[in-house]
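Following: one structure in C-alpha cells, then a few remarks.
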Ligand code: FES
C-alpha cells in the first residue's frame, strides 16, 4: 500500500518536472527565435547602387533645366522606405544629361531655374549657379551636387548623388 502511494507520488513528480522542462523549453525557444532570425537573415548594410528612371530624354529641351520628380528607395537594416525626391536635369548635348541635387550647397534650401537670368537662384540667401552648377554669386561654398546620370533606351536614369568639390 505504502509502495503504491510512493509510486503514484513519484509519477506525479516526474510529470511536474517534465512540465517545468517543457515550459523552460518554450521560453528558450521564444527568446532564441529572434536571435536565430538575426543570425540567419542579417540586416542589409551594403548600399546597393540603384538607377532610377526619372523621365524621357526626348522630353528635355537642349540646355533648359527641368525639375524631374522620382521616388528613391532607402534601405535601413530590414526596413525599406520610399522617398519622393527630385533633380534638376539639363540636357547638355544630345545623349548627355547632367542631374543636380535639388538642395543649395549653402544651407540646403530648394533653388529654382531663373529663365530670364539663365541661372539657378536660391531664394534663401540669393546664391546663384550657372547652367553647369558652378557658383556665380552668393554665400554657397561649392557648386551644386550632382547625381550620377545617364541615358539608356531614351530614359533618363539617375544614380547616387556625388558631393561637388569645387566652387
Ligand atoms: S541656402 Fe541657398 S544661399 Fe543660403
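Residue numbers (the numbering used here): 487 to 653.
Built from N, CA and C at the ideal position, the CB exists for glycine as well.
- The alpha-carbon of residue 525 is positioned some 39 Å away from that of residue 573.
- When the beta-carbon positions are compared, residue 619 and residue 607 stay at least 8 Å from each other.
- For the ligand FES, a non-hydrogen atom lies closer than 7 Å to the CB of residue 626.
- As DSSP reads the structure, residue 606 sits in a beta bridge with 599, 615.
- Uninterrupted beta strand (DSSP E) stretches at least 3 residues long and entirely within the region 518-571 occur at 538-542, 552-562, given in chain order.
- By the criterion of a C-beta distance shorter than 8 Å, residue 604 is surrounded in its chain by 617, once the five residues flanking it on both sides are discounted.
- Here the distance from the Cβ of residue 623 to the nearest heavy atom of the ligand FES is not below 7 Å.
- Approximately 29 Å separates the beta-carbon atoms of residue 590 and residue 638; this is outside 8 Å, ruling out the contact.
- Distance between residue 563 and residue 495, taken at the CA atoms: about 54 Å.
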